[in-house]
Amino acid sequence: MILVLTRRLSKTVRLVIFTILCCILFLTANHIIKSGILTDSWDFIPSHLTGDKSGIPQEPAKPDAYAIHEDQRPLSDDLKYERQVKLHKYFEKVFQHIKEFSPVGRSSKKYGKGCRLDENVVGRPDSVDRWDLLTTKNLGQCLEISKSDRDMLKKKHNSYVNAISLLSLPKGAYQGRGIVTVGGGQFSVLSLVMIKMLRKLGTTLPVEVLIPPGEEGDEQLCKQVFPELNAKCISLSDVLPASVISNFAFKGYQLKSLAIIASSFQDLLLLDADNIPVVPLDNIFDAEPYKFTKLVLWPDFWRRTTSPIYYEVADIPVGPERVRNCMDDFTPPSVYTESSDLDKVPLHDLQGTVPDVSTESGQILINKYYHLPTVLLSLYYNVNGPTWYYPMFSQKAAGEGDKETFIASANFYELKYYQVKSIPGVEGYRIDGNPSNFRGVAILQHDFREDYKGYMKAQTHAKEKYLESATLDPDYSLEKLYKQYFGNGKGDDIPFMFAHCNFPKFEPWVLSARDDLIENGHHIRSFTSLDKLQNFDLELEAFDILNKYICQEMVEFQYYKNLSVEERTKMCQYVKDRLRFLKETHESATNAVDKDNR
């Protein structure tokens, strides 16, 4: 009707009517936002559990659908209090369900005599000779869990999933974009180094640092230093009532899952405090594939060794079809599968399973609106991780902990995610110059944006080359395919985004006490291939930061409060000596080229 009328009106009248309508819409929307920002709920979990997936955002929300959550304007004190009250009520119920439906007892971590997982199974495409260890039969011969315990675990898992489906998280509980990490103890020191590195490279995203219960006390850091860097300390009390905090003993890997729910951000990068971004990150939330999947993960070095028992416990049907070959999920399986007998096919190449390779969780990109189910189920897995789920997910593999809980949760709910295909790189040095004695000091993870471009090229090529009914191709090679689209198989071609510096960490007291990174009385460089990091002298920057805040400005850290004067003097002398050495060798280090092709 409006269209009919406007055709008969003059341009001036039409303009007046249009202006009035815009004003009315603006005032109405403004009123709704101010008065009702916290009243709506996210209700897509229940619809998934009842079989109706229409309530789950199968495609990530369009920008206008969640723009309100990306508003970086600070909330008023009243809205902050209202949001905290609602979050307390919500997560009190979540943890009531966790307590009620957590499995009893704990895994004995006993492994069957037939278990062949005596060492890690490498995920590189040229390491196929050991992939036969990953069949359903072989993985099922490892971790032993009795039938009664499996039934109990399954019942508890199902009850928790059903219980959280009845909860509704207030809309607007999380807003904006940012980075979150876990501080406390030595990790407060490491988080300062990481945040300063972010700013050095131009990242302006706000940062929140979770200080775990019992590790408070870094007042100068939280109230003075961090605010100057657009960072702040947060607490579990922001989202959890005191009764929950006092009744649960949170520690270790569990804190990362808690940092996700404690952070105020809707879109966030969860980053380990010892994980240093080596490129600017401001546009990561606007890049593919994150815009589409709302969850991006990075790989570990190893293939997945999750027990078949997990799929029984989570009631996830496995098979009957093969759907991939390790990280190749774009070539039709008929091209590389010789027969319909799947007994020799790795378990995690089968339909329904969590895909290879295993996950390294030092960095996770996630949207808590779209992936709320993932967040809540991973929380359950992490609370019960040390007792049951960590050994079930990893079965002796290196890095047992929270690493598989996030991807397993997304897989359970059949929500979209993207795990980077490019294998991690390694940075380090030759001990005493011995070519055969390499010490790795950092895991290097690739830029997910460039990796995804390679993946899309591979997908397009597979569609052009093969039909869905394609037959066995004797020339198919996963190794060749990987090298063509993701690099040389050594992890060097696609640019790196993160350097996870955990062997050793940039923590000066431990380094100085051990005289680490010193050979024959002289400091050495632990990062010897700076060309991999776009010639960013990460080591030099780290010790410049440590020297400034710990030794010059004497920022007080709880972690160092019990050091004697002599110990602090020794620590700072180590920092100053190392900083001097790194400055002296900076030019030669940035001009060096990695010839080892590690």
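Numbering-wise (my numbering), the sequence shown opens with residue 1 and increments by one. Where is the CB? At the ideal position from N, CA and C, for every residue including glycine.
GLY425 places its beta carbon 7 Å or farther from that of ARG439. Straight through space, the alpha carbons of LEU221 and PRO206 are spaced by roughly 16 Å. Your pair ILE407 and THR353 does not check out as a contact, with CB atoms roughly 11 Å apart and the cut at 8 Å. Around the beta carbon of ASP282, a 10 Å sphere encloses fewer than 16 other beta carbons of the protein chains shown; the residue is thus reported as exposed. In the three-state reduction of the DSSP assignment, LEU295 falls in the strand class, which pools E and B.
The DSSP assignment places no complete alpha helix (DSSP H) segment of no fewer than 4 residues inside the stretch 312 to 362. For THR181, the pairing in a beta bridge is given by DSSP as VAL209. Secondary structure at VAL244: helix, using DSSP grouped into helix, strand and coil.
DSSP, reduced to helix, strand and coil, places HIS500 within a strand of the structure shown. Inclusion of THR405 and ASN382 in the CB contact set at 7 Å is warranted, their separation being smaller than that value. Comparing alpha-carbon positions, the option among MET497, GLU464, ARG430 and LYS457 lying closest to PHE448 turns out to be MET497. Around VAL318, the same chain offers THR136, PRO308, TYR311, LEU347, LEU350, GLN351, GLY352 and THR353 as residues with beta carbons nearer than 8 Å, after the five sequence neighbours per side are excluded. Pairing ALA589 with VAL278 gives a Cβ-Cβ distance that is not under 7 Å. Counting along the chain, GLU567 sits inside no beta strand (DSSP E); it lies in the alpha helix (DSSP H) bounded by residues 565 to 584. Around the CB of GLN175, 16 or more other CB atoms lie within 10 Å, so the residue is classed as buried. A distance below 6 Å between beta-carbons, with the five flanking residues on each side excluded, links ASP274 to the following residues of its chain, in chain order: LEU190, CYS501, ASN502 and LYS505. A check of alpha carbon separations from LEU297 across GLY217, ASN325 and SER422 identifies SER422 as the nearest. In the structure shown, LEU444 adopts extended strand secondary structure according to DSSP, grouped into three states. Counting along the chain, VAL426 sits inside the beta strand (DSSP E) bounded by residues 425 to 430.
By the neighbour-count criterion, in which 16 or more other beta carbons inside 10 Å mark a residue as buried, ASP341 falls on the exposed side. The straight-line gap separating the alpha-carbon atoms of ARG525 and PRO332 is approximately 46 Å. When DSSP states are grouped into helix, strand and coil, PHE265 belongs to the coil group. Counted as a single uninterrupted DSSP element, the beta strand (DSSP E) harbouring PRO277 occupies residues 275 to 277. In the structure shown, GLU479 adopts helical secondary structure according to DSSP, grouped into three states. Assigned with DSSP and collapsed to three states, CYS233 falls in strand. Assignment of beta-bridge partners to ARG439 by DSSP yields TYR429.
Secondary structure remark: continuous alpha helix (DSSP H) runs of at least 4 residues inside the stretch 487 to 557, in chain order: 508 to 514 and 538 to 546. Minimum Cα-Cα distance from ARG199 among the listed residues LEU377, GLU215, ALA231 and ARG130 corresponds to ALA231. When DSSP states are grouped into helix, strand and coil, THR590 belongs to the helix group. The count of Cβ pairs closer than 8 Å, one atom from the stretch 506 to 519 and one from the stretch 568 to 575, reaches three, so the stretches are in contact. In this structure, ARG106 and VAL313 do not form a Cβ contact; the two beta carbons are roughly 15 Å apart against a cut-off of 8 Å. By alpha-carbon distance to PHE536, the top candidate from GLU587, TYR111, LEU579 and ALA259 is GLU587.
In this structure, DSSP gives THR374 a helical state, which the three-state scheme calls helix.
Boundaries for TYR466: no alpha helix (DSSP H) harbours it, and the DSSP string shows neither H nor E there.
Between PHE412 and LEU467 the beta-carbon gap is near 32 Å, outside 8 Å, which marks them as no contact. A contact between stretches requires three or more CB pairs, one per stretch, nearer than 8 Å, and the stretch 149 to 166 fails this requirement with the stretch 477 to 485.
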